[in-house]
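*Asks:* Just passing along the structure, written as structure tokens.
In our numbering, the protein residues as written are 241 to 957.
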């Protein structure tokens, strides 16, 4: 997270605290909130034909908390005052309209069995998500903060980074729980728990709520809560340590991350205690939310991490990361609420009956569940699994595989309760609550990995099979007039940015050109470059090797998203028209960064979204008609592509382009070359003016239909 984002989060947090504090003042409630609530009640009555009465609508139905949250982020956002004022007015109006619908539906549901669920859980969640959605849409309209990039090749993301984090987290969790008997009741931990209780009480009094402390016991209007060592030593600690050790690239950065973990844990611990000050109309069972606070936080962090993992290219291009995470979270909450205690009882009963049937337990046994972790676990896991799979959805939905993973998760819940009963965790014996909460998080993640592995394997096989067929069936484009123009563009580009090819270790990320098109890698090899290439299709590799003839070609069947080479293996990388054929373009960019030596350069080309001849629109139409021969293809603006590369750690050296020619003319020329050679002189004549413009006005090259960005890997990481 860069300094600009940190500053924004700090301003938003401070503004939120200030606004929530103001809302607790008596004169604010009397002069502003009461009339505002009355106005919304009248609007609901008008919309509902007079069914709403003021007696049924209190201050907890004002929607003021959601409005305050919305205003805090809008006020803190660095944009023009006029835009913030307009955004604030629009936010108040939008949330008020949603809240009017809330009032009307709750009045009509009064007395229904599900009234409490909607009143205490669903509508507050919907209202909060509406506020968050409005804020994110407003931010996207006025412009987002620019990340400063600068991650290294082995930093965050990627299969290697994910495996290292998972293994390190597992070790940290084991050590954390193994050492629990030694630190939970230690005097420093107990003293810190009492201090956190005092801080929470002070904040509650600032907000207008009654709160006192006696040692580590926090007394509020909703009862007392004993702040123990478990409230301090939360599961965030081992996961935060693992993240600092594996996802940060320098020892200085790791040290700072570990130091930052201390105030983060304290702030989160105090925040969970503030739940006790929330009105009963919003949270009916505060003890459940206090105890499960870190479970909820970890689930939310997991959802955000999955969005970032599965949509890396969109995130690097400043897409709406948090919007997708909020949508996934909202869907997960709704599913969990709809399942409720009925589903939890059914799962527990199934586990108990199986235990009794195999003779390991008693059918009347009752589990001790003082923190209601077991009661929450079944619906929470299903809701989290739904949220995670929505967050992970990047290409297509495979309903059959998803259903199997969901059934497997439900079966694991029955097995879990069977084991708990069977191991004798009965009657008054208290189960390890921290272990239950970790299992609540780990099981949905396991279900996601199961589903995603199947989906990814299917997707990769489909992708590889497509290019295998293309490699076998596509005609040879070499010798066409537009191909000669393409070759001249590539020669110019390589000569300008790789002037000394003799002895240069050069990697090309596909061998399509060597088999079917310009044969540019043969040209670099003829000038002394030590060439290597990869391609996902073995048929293309065979043709490329045949075209090389007696010259050796180091070629491997591989995916550019997982290059089979060690770190720092090449002096230069050439990737033209490769990484746009899948969603994980940033993964490919990171792999290129990894195999490039420090100080080495790469030329990476992708389709130009703002091609003046509208080639992306033409491609989209042909894709819809099923007649585009190159499969899925994305286009990029120059700015978005620059941000993607800089986010992977590259320094941009130059931004140019090639092929300043209408896309339809290039395709027509290739079609005539392949199937109607007598018309090739006509397409060559049509192409000649664009070739002349390219040579006469070099600045036009920037607007070619392929962007060509030259990047360098920094010398020092």
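A virtual CB, placed ideally from N, CA and C, is assigned to each residue, including glycine.
Spell out a yes or no on whether the stretch 460-467 and the stretch 485-505 are touching, meaning 3 or more CB-CB pairs, one atom from each, closer than 8 Å.
*Replies:* Taking 8 Å as the limit for Cβ pairs, the verdict is that the stretch 485-505 does not touch the stretch 460-467.
*Asks:* Identify which residue in 630, 706, 853, 907 has its Cα closest to the Cα of residue 757.
*Replies:* When only C-alpha atoms are compared, the closest one is 907.
*Asks:* Can you name, in chain order, every residue of its own chain whose Cβ lies under 8 Å from the Cβ of residue 580, other than the five neighbours on each side?
*Replies:* Closer than 8 Å at the Cβ level, and outside the excluded window around residue 580, lie 357, 619.
*Asks:* Apart from the five residues just before and just after residue 574, which ones in its own chain have a Cβ nearer than 6 Å to its Cβ?
*Replies:* Within the same chain, residue 574 has no close Cβ partners at all.
*Asks:* What does DSSP give as the partner residues of residue 896 in its beta bridges?
*Replies:* According to DSSP, residue 896 bridges with 948.
*Asks:* If you draw a straight line from the C-alpha of residue 631 to the C-alpha of residue 564, how long is it?
*Replies:* About 7 Å.
*Asks:* Give a yes or no on contact between the stretch 850-866 and the stretch 883-891, applying the rule of three or more CB pairs nearer than 8 Å.
*Replies:* At 8 Å Cβ cutoff, the stretches do not touch.
*Asks:* Should residue 490 be labelled buried (16 or more other beta-carbon atoms within 10 Å of its own) or exposed?
*Replies:* Residue 490 is exposed by the Cβ-count criterion.
*Asks:* By the three-class DSSP mapping on this structure, what secondary structure does residue 352 have?
*Replies:* Residue 352: coil per DSSP, three-state reduction.
*Asks:* My understanding is that residue 255 touches residue 306, with C-beta atoms under 8 Å, so please give their C-beta distance in whole angstroms.
*Replies:* Residue 255 to residue 306, Cβ: 15 Å. No contact.
*Asks:* Taking residue 569 as the reference, which of 582, 546, 588 has the closest Cα?
*Replies:* The option with the nearest alpha carbon to residue 569 is 546.
*Asks:* With DSSP run on the structure shown, which of helix, strand or coil describes residue 730?
*Replies:* DSSP places residue 730 in helix when its eight states are reduced to three.
*Asks:* Across the stretch 705-723 and the stretch 755-772, are there enough close Cβ pairs to call them in contact, namely three or more that are closer than 8 Å?
*Replies:* Yes, since at least three Cβ pairs between the stretch 705-723 and the stretch 755-772 fall closer than 8 Å, the two stretches touch.
*Asks:* At the level of alpha carbons, what is the spacing between residue 263 and residue 447?
*Replies:* Roughly 8 Å separates the two Cα atoms.
*Asks:* Going by DSSP, what residues sit across from residue 745 in a beta bridge?
*Replies:* Bridge partners of residue 745: 770.
*Asks:* Assuming residue 827 is part of the alpha helix (DSSP H), what are its boundary residues?
*Replies:* Note, residue 827: alpha helix (DSSP H), 825-835.
*Asks:* Quick check on the burial criterion: 16 or more other C-beta atoms within 10 angstroms. Buried or exposed for residue 915?
*Replies:* Looking at its Cβ environment, which holds fewer than 16 other Cβ atoms inside 10 Å, residue 915 is exposed.
*Asks:* In the structure shown, what three-state DSSP assignment does residue 399 receive?
*Replies:* The predicted position of residue 399 is uncertain, since its pLDDT is 41 and thus under 50; a value taken from the coordinates is nonetheless stated next. Three-state result, residue 399: helix.
*Asks:* Any idea what DSSP makes of residue 811, helix, strand or coil?
*Replies:* Here residue 811 sits in strand by DSSP.
*Asks:* Rounded to whole angstroms, what's the CA-CA distance from residue 805 to residue 929? Just pull it up for me.
*Replies:* If you take the alpha carbons of residue 805 and residue 929, they lie about 43 Å apart.
*Asks:* Of all the beta strand (DSSP E) runs that stay within the bounds of the stretch 404-482, which reach a length of 3 or more residues?
*Replies:* Within the stretch 404-482, the complete beta strand (DSSP E) runs of at least 3 residues are 451-454, 457-460, 463-466.
*Asks:* Here's the rule I'm using: 16 or more other beta-carbon atoms within 10 Å means buried, otherwise exposed. How should residue 511 be labelled?
*Replies:* Exposed, by the Cβ-count rule.
*Asks:* Mapping DSSP to helix, strand and coil, what is residue 846?
*Replies:* DSSP places residue 846 in strand when its eight states are reduced to three.
*Asks:* Can you tell me which of 509, 951, 909 puts its alpha carbon nearest to the alpha carbon of residue 439?
*Replies:* Minimum Cα distance to residue 439 is reached at 509.
*Asks:* Can you tell me whether DSSP reads residue 305 as helix, strand or coil?
*Replies:* Here residue 305 sits in helix by DSSP.
*Asks:* Run through DSSP, which three-state label would residue 795 get?
*Replies:* Looking at residue 795 - three-state DSSP - the assignment turns out to be strand.
*Asks:* Quick check on residue 938: does DSSP put it in helix, strand or coil?
*Replies:* Residue 938 falls in the helix class under three-state DSSP.
*Asks:* Is residue 758 helix, strand or coil by DSSP?
*Replies:* It is coil, neither helix nor strand.
*Asks:* Nearest-angstrom Cα distance between residue 385 and residue 337?
*Replies:* Residue placement at residue 385 cannot be trusted, given a pLDDT of 42 that sits under 50; what the coordinates show is reported in the next sentence. Rounded to the nearest angstrom, the two C-alpha atoms are 29 Å apart.
*Asks:* Output yes or no for whether 8 Å exceeds the beta carbon distance between residue 416 and residue 374.
*Replies:* The answer is no: Cβ separation not under 8 Å.
*Asks:* Check for me: the alpha helix (DSSP H) holding residue 614 runs from which residue to which?
*Replies:* Taken as a continuous stretch (DSSP letters only), the alpha helix (DSSP H) holding residue 614 covers 613-632.
*Asks:* Apply the 10 Å Cβ neighbour rule to residue 425 and answer buried if 16 or more other Cβ atoms are within range, or exposed otherwise.
*Replies:* The residue is exposed, with fewer than 16 neighbouring Cβ atoms inside 10 Å.
*Asks:* Using C-beta distances below 8 Å, list every residue in its chain close to residue 434, excluding the 5 sequence neighbours before and after it, in chain order.
*Replies:* For residue 434, where only same-chain residues beyond five positions count, the Cβ hits under 8 Å are 453, 455, 456, 467.
*Asks:* With a 10 Å radius around its C-beta and 16 neighbouring C-beta atoms as the bar for buried, classify residue 888 as buried or exposed.
*Replies:* Label assigned to residue 888: buried.
*Asks:* Using a Cβ-Cβ distance cut-off of 8 Å, determine whether residue 431 contacts chain B.
*Replies:* No chain B is part of this structure, which consists of one protein chain only.
*Asks:* What is the DSSP secondary structure of residue 318, counted as helix, strand or coil?
*Replies:* Coil at residue 318, not helix or strand.
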